[in-house]
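Heads up: the sequence lines are chains A and B, in that order.
First residue of the first sequence? That's 0 in numbering that gives the first Met the number 0, and the numbers climb one at a time after it.
First residue of the second sequence? That's 0 in numbering that gives the first Met the number 0, and the numbers climb one at a time after it.
Idealized CB from N, CA, C, for every residue including glycine.
Protein chains: 2
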Amino acid sequence: MVTSQQTSRHMSSQGRSNPVEVLKVSATSKPVAVAGAIAGVVRTQQRVEVQAIGAGAINQAVKAIAISRGYVAAGGIDLVCIPSFIDISIDGEERTGMRLLIEPR
Amino acid sequence: MVTSQQTSRHMSSQGRSNPVEVLKVSATSKPVAVAGAIAGVVRTQQRVEVQAIGAGAINQAVKAIAISRGYVAAGGIDLVCIPSFIDISIDGEERTGMRLLIEPR
Numbered sequence: 000m001v002t003s004q005q006t007s008r009h010m011s012s013q014g015r016s017n018p019v020e021v022l023k024v025s026a027t028s029k030p031v032a033v034a035g036a037i038a039g040v041v042r043t044q045q046r047v048e049v050q051a052i053g054a055g056a057i058n059q060a061v062k063a064i065a066i067s068r069g070y071v072a073a074g075g076i077d078l079v080c081i082p083s084f085i086d087i088s089i090d091g092e093e094r095t096g097m098r099l100l101i102e103p104r
Numbered sequence: 000m001v002t003s004q005q006t007s008r009h010m011s012s013q014g015r016s017n018p019v020e021v022l023k024v025s026a027t028s029k030p031v032a033v034a035g036a037i038a039g040v041v042r043t044q045q046r047v048e049v050q051a052i053g054a055g056a057i058n059q060a061v062k063a064i065a066i067s068r069g070y071v072a073a074g075g076i077d078l079v080c081i082p083s084f085i086d087i088s089i090d091g092e093e094r095t096g097m098r099l100l101i102e103p104r
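The following block contains the structure:
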């Protein structure tokens with residue numbers, strides 16, 4: 000499962016505040032599918048945020064990012080990943096997950 | 000456990016070929032300890048490579064990278080992470096792991 004929503008507001012290192020498309024990755028997400036989604040959003044919007052909770056989901060997310068680097072490299076985009084912690088509310092319960100912001104270097 | 004060795008040779012995006020310190024992270028590694036090791040190597044050698052095999056190890060590695068960003072940010076270093084796949088031989092058996100190259104942006 001990869002769900003997408005455009006609600007996150009991220010202050011990039013350049014000081015811009017843009018809404019960033021968010022892809023939610025689970026432990027059962029297919030890395031190749033997520034990689035395709037990452038590449039698609041990066042091509043149109045420059046950056047994308049991947050959110051994952053738990054080791055299985057983070058594992059799939061990191062694999063997806065590695066694959067997506069290959070997808071966009073032909074277009075001259077050198078993707079990097081910036082991880083941070085994020086508190087996500089699921090069914091009213093707070094859980095700590097990882098946010099992986101993906102941007103051209 | 001965090002083990003360190005200096006055997007990997009990585010071609011950086013700037014085209015330099017430098018030996019890069021390698022930190023091997025396991026599922027039982029403490030993210031704060033790994034983060035300290037990452038920050039230490041980055042401060043002296045600009046970059047470090049983290050290797051992890053399996054979801055548990057990759058999870059700890061990503062947490063460590065997120066923490067290490069805070070450690071070096073005060074020194075004006077904006078760390079990014081570049082994931083790729085790596086084949087690692089363990090006891091004569093080939094396993095696929097993740098390499099996370101960590102560099103200043």
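Bridge-paired residues (DSSP) for B:Ala51: For the purposes of this step, residue 51 of chain B is taken as residue 52 along the second sequence, with counting starting at 1. In the DSSP output, where bridge partners are listed per residue, B:Ala51 has B:Val24, B:Met97.
Neighbourhood of A:Gly55 by C-beta distance below 7 Å, restricted to the same chain and skipping five residues each side: Taking the first residue of the first sequence as 1, we reach residue 55 of chain A at position 56. Here the set comprises Ala26.
Coil, strand or helix - B:Ile85 by DSSP: If you number the second sequence from 1, residue 85 of chain B lands on position 86. Three-state DSSP puts B:Ile85 in a strand.
Span of the alpha helix (DSSP H) around A:Gly91: Residue numbering aside, residue 91 of chain A sits at position 92 when the first sequence is read from its first letter. Neither: A:Gly91 is in no alpha helix (DSSP H) and is coded neither H nor E.
Separation of B:Ser83 from A:Arg68, as counted between CA atoms: For this step, residue 68 of chain A is matched to residue 69 along the first sequence. For this step, residue 83 of chain B is matched to residue 84 along the second sequence. Spanning the two alpha carbons is a distance of roughly 9 Å.
A:Ala65 beta carbon less than 8 Å from that of A:Ala51: To locate residue 51 of chain A, count along the first sequence from 1; it is residue 52. To locate residue 65 of chain A, count along the first sequence from 1; it is residue 66. Not closer than 8 Å, so no.
Extent of the continuous alpha helix (DSSP H) run through A:Ile106: Residue 106 of chain A is absent from the model: chain A starts at 0 and stops at 104.
Neighbour list for A:Ser28 in chain B, Cβ cutoff strictly below 7 Å: Locating residue 28 of chain A in the first sequence gives position 29, counting from the first residue. Within chain B, no residue comes near A:Ser28; the closest Cβ sits about 12 Å away, beyond 7 Å.
Closer than 8 Å to chain A by CB, B:Ser25: Along the second sequence, read from residue 1 onward, the residue named residue 25 of chain B stands at position 26. Chain A, which has no Cβ nearer than 8 Å to the Cβ of B:Ser25, makes this no.
CB of A:Val47 within 8 Å of CB of A:Ile37, strictly: Residue 47 of chain A sits at position 48 when you count from the first residue of the first sequence. Residue 37 of chain A sits at position 38 when you count from the first residue of the first sequence. Yes, they are a contact pair.
Neighbour list for B:Ser83 in chain A, Cβ cutoff strictly below 8 Å: In the second sequence, the residue the question calls residue 83 of chain B occupies position 84. Simply Ala65, Arg68.
Whole-angstrom C-beta distance between B:Glu93 and B:Asp86, which should lie under 8 Å: Numbered from its first residue, the second sequence carries residue 86 of chain B at position 87. Numbered from its first residue, the second sequence carries residue 93 of chain B at position 94. Yes, they are in contact, since the Cβ atoms of B:Asp86 and B:Glu93 sit about 5 Å apart, within 8 Å.
Partner residues on chain B for A:Val61, Cβ-Cβ distance less than 7 Å: Taking the first sequence and counting its residues from 1, one reaches residue 61 of chain A at position 62. Neighbours of A:Val61 on chain B, chain order: Ile57, Val61, Pro82, Met97.
Short Cβ contact (8 Å threshold) for A:Ile101 with A:Val41: Reading the first sequence from its first residue, position 102 is the one you call residue 101 of chain A. Reading the first sequence from its first residue, position 42 is the one you call residue 41 of chain A. Yes, the pair counts as a contact, with Cβ atoms nearer than the cut-off.
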